[in-house]
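Read the structure below first, then the notes.
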Amino acid sequence: MKISTITGEASWKYSPPDPVIGFDIGSRGSKGVLLTPDSIYTSFVPTGLYMQETADILLKQLLRAAKLRRRDIAFVVGTGYGRISLAYKDIPYQVVTEITCHAMGAHSLNPRTRTIIDIGGQDSKAIKVDPATGKVLEFVMNDKCAAGTGRFLEKAAVLLGLELHQLGDVALEANEPAAISSQCVVFAESEMISLRARGERHQDGAARANIAAGIHFATARRVKSLLGRVGTEPDLVFTGGVANNPGMWFALETLIGAKFARSPIDMIYAGALGAAVHAGRHHAAALAAGTARPRPTPVARPRRVTPEKILVNSQNG
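Under the UniProt record's numbering, think of the first position of the sequence shown as 1, with each following residue one higher.
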């Protein structure tokens with residue numbers, strides 16, 4: 001569980017009329033963003049077997065952090081791998097594609113955004129954005145091969161005896177990234193196993209770091225090929241579940257020859273943030289049209305009377 005709160009960010013330009021939520025239910029991790037008129041609340045949990053349960057956990061965490069109740073939420077938008085599995089009877093809900101949400105999330109934080117690299121657990125994308133509107137102009141996606149995705153990095157971490165969150169930091173310790181030439185995960189795994197065995201045989205203490213760096217550069221080459229089809233214009237933004245991996249930042253910036261724009265929040269939340277912005281806009285439009293669903297008013301609970309008081313009252317009567 002990971003929860004954070006950002007209040008009064010100078011770079012934040014959007015404020016919804018009422019609290020709204022965006023969920024990005026990914027294949028590996030799920031993110032939630034709650035927007036209020038003056039704050040951003042974020043939450044992360046690993047994606048469980050049931051997408052609705054995962055979203056419900058995020059909802060509870062966000063409500064607790066913001067000190068709100070379920071009936072305070074005006075609108076919810078879902079995106080990501082599990083968006084179509086969500087349903088709400090008491091809160092207006094819509095789904096929006098993750099490409100649209102990543103573009104809107106990145107643009108909301110940085111209106112100069114023109115190019116986005118998004119690397120998730122199952123796919124990777126290059127997205128061209130209209131800086132005037134935050135809308136998607138063009139995109140290409142790799143979802144046919146695990147190379148260039150978070151799944152490839154997960155496999156690599158296991159082979160190197162590392163936790164996934166350690167892989168990027170270990171890669172930065174490399175003195176010479178190992179050459180991993182294969183663009184296929186199956187063959188790349190064989191290369192990694194051979195390189196690891198060679199390092200153990202020669203008692204090369206730097207071997208693991210060099211292999212980790214080689215893995216990141218192999219992944220970055222795959223992603224760079226997507227950029228070649230949409231072009232690279234600044235500002236360049238990195239989003240998705242792999243966006244907090246420092247080794248991937250370094251490999252991509254080295255190969256692309258450009259720096260990613262920094263953000264006040266962790267860009268693994270870009271999709272959920274974009275979903276929340278869409279939720280706010282849907283709600284604002286409904287308010288303007290007079291079609292917003294009225295939120296339930298709290299029902300006053302009857303005052304509880306103890307048996308002792310009932311007995312006293314009956315005796316007095």
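Beta carbons are placed, not taken as given, at the ideal position from N, Cα and C, and that holds for glycine.
Item, Value
"At the level of alpha carbons, what is the spacing between T47 and A243?", "17 Å"
"Could you pull out every residue in the same chain whose Cβ sits closer than 7 Å to the Cβ of P246, ignoring the five residues on either side in sequence?", "G168, D169, L172"
"Run through the DSSP bridge pairs and tell me what A74 is partnered with.", "Note: A74 sits in no beta bridge, so no partner."
"Nearest to Y88 by alpha carbon, out of F260, E53, L226?", "E53"
"Kindly indicate which three-state DSSP category L137 falls into: helix, strand or coil?", "strand"
"What does DSSP give as the partner residue(s) for D90 in the beta ladder?", "In DSSP, D90 forms no bridge with anything."
"Whose C-beta lies closer than 7 Å to the C-beta of L68 among residues of the same chain, with five residues either side of it excluded?", "P19"
"What is the DSSP secondary structure of Y269, reduced to helix, strand or coil?", "helix"
"Would you give the residue range spanned by the alpha helix (DSSP H) that G214 belongs to?", "207 to 230"
"If you draw a straight line from the alpha carbon of G231 to that of E163, how long is it in whole angstroms?", "34 Å"
"Examine the Cβ distances between the region 278 to 296 and the region 109 to 125 and report whether three or more of them are shorter than 8 Å.", "no"
"Identify the continuous alpha helix (DSSP H) that holds T54 and give its terminal residues.", "51 to 66"
"Under a three-way DSSP split, which group does Q126 fall into?", "First, the residue type needs correcting, since residue 126 is Ala and not Gln in the sequence shown. Here A126 sits in strand by DSSP."
"What residues are listed by DSSP as bridge partners for T115?", "K128, L236"
"G121 and R151: beta carbons closer than 8 Å?", "yes"
"Which complete alpha helix (DSSP H) runs does the region 250 to 294 hold, if anything under 4 residues is left out?", "270 to 289"
"Check whether the Cβ atoms of K31 and I268 sit closer than 8 Å, and answer yes or no.", "yes"
"Using the beta-carbon count (16 or more within 10 Å), is P16 buried or exposed?", "buried"
"By Cβ distance below 8 Å, which residues in the same chain neighbour E200 in space, the five residues on each side in sequence not counted?", "Any reading at E200 must be qualified, since the residue scores a pLDDT of 49, below 50, and its modelled position is unreliable; no value is offered."
"By DSSP, does E200 sit in helix, in strand, or in coil?", "At E200 the pLDDT is 49, less than 50, meaning the model places this residue with poor confidence; the figure from the coordinates comes in the next sentence. Residue state, collapsed to three classes: helix."
"If you draw a straight line from the C-alpha of G280 to the C-alpha of R114, how long is it?", "23 Å"
"Measuring straight from C-alpha to C-alpha, what distance separates A288 and D24?", "27 Å"
"How should P234 be labelled, buried or exposed, when 16 other C-beta atoms within 10 angstroms of its C-beta is the threshold for buried?", "exposed"
"Kindly confirm or deny that the region 154 to 161 and the region 122 to 141 touch, where touching means at least three C-beta pairs closer than 8 Å.", "no"
"Tell me whether V96 sits in a helix, a strand or coil according to DSSP, three-state version.", "coil"
"Which value, in whole angstroms, describes the spacing of the CA atoms of D90 and R70?", "9 Å"
"Is A209 near the ligand SAM, with its Cβ less than 7 Å from a heavy atom?", "As presented, the structure is devoid of all ligands, the ligand SAM included, so that no description of it is given."
"Among S85, D38, Q94, S225, which residue has its Cα nearest to the Cα of G148?", "S225"
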